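Q:
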Amino acid sequence: MDIDFRVAIVLAPIAVAAGWAAFNIGAAAIRQVQNFLNREA
Numbered sequence: 001m002d003i004d005f006r007v008a009i010v011l012a013p014i015a016v017a018a019g020w021a022a023f024n025i026g027a028a029a030i031r032q033v034q035n036f037l038n039r040e041a
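Okay, so the sequence shown: first residue is 1 according to this note's numbering, each after it adds one.
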């Protein structure tokens with residue numbers, strides 16, 4: 001099975017962008033949940 005590297009070249013930046021977005025959104029979401037829990041306590 002031969003991999004077509006053009007597909008990887010096209011998908012790599014999309015995957016990096018999606019990962020970066022998930023990282024940023026995840027960090028903000030965790031911060032928000034922690035603030036909510038600290039406020040309730």
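Beta carbons: idealized from backbone N, C-alpha and C, even for Gly. Remember, predicted model here, so these are calculated numbers, not experimental data.
May I ask you to report which of helix, strand or coil DSSP gives Ile-14?
A: Residue state, collapsed to three classes: helix.
Q: Using the Cα positions of Trp-20 and Leu-37, report the straight-line distance between them to the nearest angstrom.
A: If I take the Cα positions, the gap works out to 26 Å.
Q: Quick check: the Cα distance between Asp-4 and Arg-31, rounded to an integer number of angstroms?
A: Rounded to whole angstroms, Asp-4 to Arg-31 spans 41 Å at the Cα level.
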